[in-house]
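Here the sequence shown is numbered in full-length UniProt numbering, starting from 1 and rising by one per residue. Positions of the beta carbon are idealized from the N, C-alpha and C atoms, including for glycine. First up is the structure itself, then whatever we jot down about it.
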Amino acid sequence: MRNMSFMLTTQQILDRSKTVTRRLGWKFLKPGELLQACEKCQGLKPGEQLRKLAVIEVVSIRTEPLNAIRDDDVAREGFPDQHWHQFVDMFCEAMACRPTDPVQRIEFKYVDEVAP
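Here you go:
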């Protein structure tokens with residue numbers, strides 16, 4: 001099972017308020033694929049353990065420009081009080097991309113309450 005990091009949205013995964021994520025370069029995913037949601041997947045310090053948050057299943061995936069997001073999907077990203085332009089600014093700063101860059105919009109559902 002492939003790991004997917006949710007370092008910037010760990011709390012949203014833990015409280016299950018996040019059911020959509022946007023990623024750069026995840027075109028290969030398919031509906032039905034299981035993923036291990038982790039707090040942090042890379043850059044672990046010596047002795048630091050991978051923190052598993054949940055097992056999620058991909059429901060759908062599509063590629064669209066980042067700035068195609070609207071407020072209802074921002075809420076599904078776990079930010080119900082943000083406007084879409086704030087989310088785009090935050091994403092671009094964190095991922096060093098542009099608002100018009102293509103991203104994969106990945107809808108998922110939770111399979112486990114606690115990851116194995």
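Whether residue i touches residue j by CB criterion (8 Å)
i, j, result
"Arg-22", "Phe-91", "yes"
"Leu-8", "Cys-97", "no"
"Asn-67", "Cys-41", "no"
"Ile-56", "Leu-35", "yes"
Outcome for residue i when other beta-carbon atoms lying within 10 angstroms are tallied against a minimum of 16
i, result
"Lys-45", "exposed"
"Gly-77", "Residue identity differs from the one stated: residue 77 is Glu in this sequence, not Gly. Burial call: buried."
"Met-1", "exposed"
"Val-111", "exposed"
"Val-59", "exposed"
"Arg-16", "exposed"
"residue 117", "Nothing in the structure corresponds to residue 117, since the chain is present only between 1 and 116."
"Thr-19", "buried"
"Leu-50", "exposed"
"Phe-108", "buried"
Any C-beta of chain D under 8 Å from that of residue i
i, result
"Asp-72", "Structure shown: chain D not included; a single protein chain is present."
Cβ shell of residue i (< 8 Å), same chain only, five flanking positions each side left out
i, result
"Pro-31", "Val-58, Val-59, Ser-60 and Ile-61"
"Ala-94", "Leu-8"
"Ile-106", "Val-20, Thr-21, Arg-22, Arg-23, Trp-26, Leu-29, Val-58, Ser-60 and Ile-61"
Close Cβ partners of residue i (< 6 Å) along its chain, the five nearest in sequence each way excluded
i, result
"Thr-63", "Pro-102 and Gln-104"
"Val-74", "Gln-82, Trp-84 and Phe-87"
"Phe-6", "Ile-13 and Ala-37"
One or two residues paired with residue i in a DSSP bridge
i, result
"Arg-51", "Answer is none; Arg-51 lacks a bridge partner."
"Asp-60", "For clarity, residue 60 is Ser in the given sequence; the question names Asp instead. Ser-60 pairs with Glu-107."
"Met-7", "Met-7 pairs with nothing; no bridge assigned."
Proximal residues to residue i (C-beta, below 7 Å), its chain only, five neighbours per side dropped
i, result
"Thr-10", "Glu-39 and Leu-53"
"Lys-27", "Thr-63 and Gln-104"
"Pro-99", "Leu-66, Asn-67, Val-88 and Cys-92"
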